[in-house]
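*Asks:*
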Amino acid sequence: ITSVMTMVGQVIEWPRVRIKKPGWLVIPSATTAFIATMIGYFVLVSGVIYDIIHEPPSIGSRIDAHGHQRPIVFKANSLHSQYILEGLAAGMLFCVGGLGLLLMLAAEKPSLSRLHRYLCLSLGGACMLGGFLASRAFIHIKFPSFLLS
């Protein structure tokens, strides 16, 4: 890429642009950037954009054998539609699994004590395993015959 840029630079004169950072613009801290990233990830994986476009109900209902309406959270046997709470719950599980992965990665810091390292590893593993198993249970509720042999 560098050789291509030098060849293009021989043909075209690059403009000399000096952009200065405004004084009021502050670089966010690492914690603020992490929280903003996690919120953005949650919004994307939970289907908020789908919810805004299609405006589904928050939960559904069905009539049981006695004629009473019972609330349901999962839109069963429907791949391309969801209830709002179904998407939010699934997004939360994905975020918990991602946080578990980050906890396990944080356990590699050499400055951590043995207790904190084992705590990060066990809590991270529990979050990852719990998120995976709960997501698999959600898929089984939504599609009863999926992943069965």
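Using this note's numbering, the first residue of the sequence shown is number 1180, and each one after it goes up by one.
Don't be surprised by glycine CBs; every beta carbon is placed ideally from N, CA and C.
In this text the structure is predicted, and so the values were computed from the model without any measurement.
#1: Would you decide whether Leu1223 is buried or exposed? Buried here means 16 or more other CB atoms lie within 10 Å of its CB.
#2: Taking all protein chains shown into account, decide if Gly1310 is buried (16 or more other Cβ within 10 angstroms of its Cβ) or exposed.
#3: Between which two residues does the beta strand (DSSP E) harbouring Gln1248 extend?
#4: Which of the three DSSP states is assigned to Arg1197 in this structure?
#5: Following the continuous beta strand (DSSP E) through Ile1242, name the residue where it begins and the one where it ends.
#6: For His1245, which three-state DSSP category applies?
#7: According to DSSP, is Gln1261 helix, strand or coil?
#8: Between the Cα of Ala1285 and the Cα atoms of Leu1302, Cys1274, Ser1257, Phe1273, which residue gives the shortest distance?
#9: What are the start and end residues of the alpha helix (DSSP H) that includes Leu1291?
#10: How is the alpha helix (DSSP H) around Gly1219 delimited, first residue to last?
*Replies:* Quick answer:
#1: Looking up residue 1223 in the sequence shown gives position 44. Per the 10 Å Cβ criterion, exposed.
#2: As a working note, residue 1310 is residue 131 in the sequence shown. Burial call: buried.
#3: Residue mapping note: residue 1248 aligns to position 69 of the sequence shown, counting from 1. Taken as a continuous stretch (DSSP letters only), the beta strand (DSSP E) holding Gln1248 covers 1248 to 1251.
#4: Sequence index remark: in the sequence shown, residue 1197 carries index 18 (1-based). If DSSP states are grouped into helix, strand and coil, Arg1197 belongs with coil.
#5: As a first step, residue 1242 must be located in the sequence shown, where it is residue number 63. Counting along the chain, the beta strand (DSSP E) containing Ile1242 begins and ends at 1239 to 1242.
#6: Working through the sequence shown from its first residue, we reach residue 1245 at position 66. Three-state result, His1245: coil.
#7: Translated into positions along the sequence shown, residue 1261 becomes position 82. Coil at Gln1261, not helix or strand.
#8: Numbered from 1 along the sequence shown, position 106 holds the residue referred to as residue 1285. Nearest of Leu1302, Cys1274, Ser1257, Phe1273 to Ala1285, Cα basis: Leu1302.
#9: What you label residue 1291 is simply residue 112 of the sequence shown in a count that begins at 1. No alpha helix (DSSP H) holds Leu1291; DSSP gives it neither H nor E.
#10: In the sequence shown, counting from the first residue as 1, residue 1219 sits at position 40. 1209 to 1224 is the extent of the alpha helix (DSSP H) around Gly1219.
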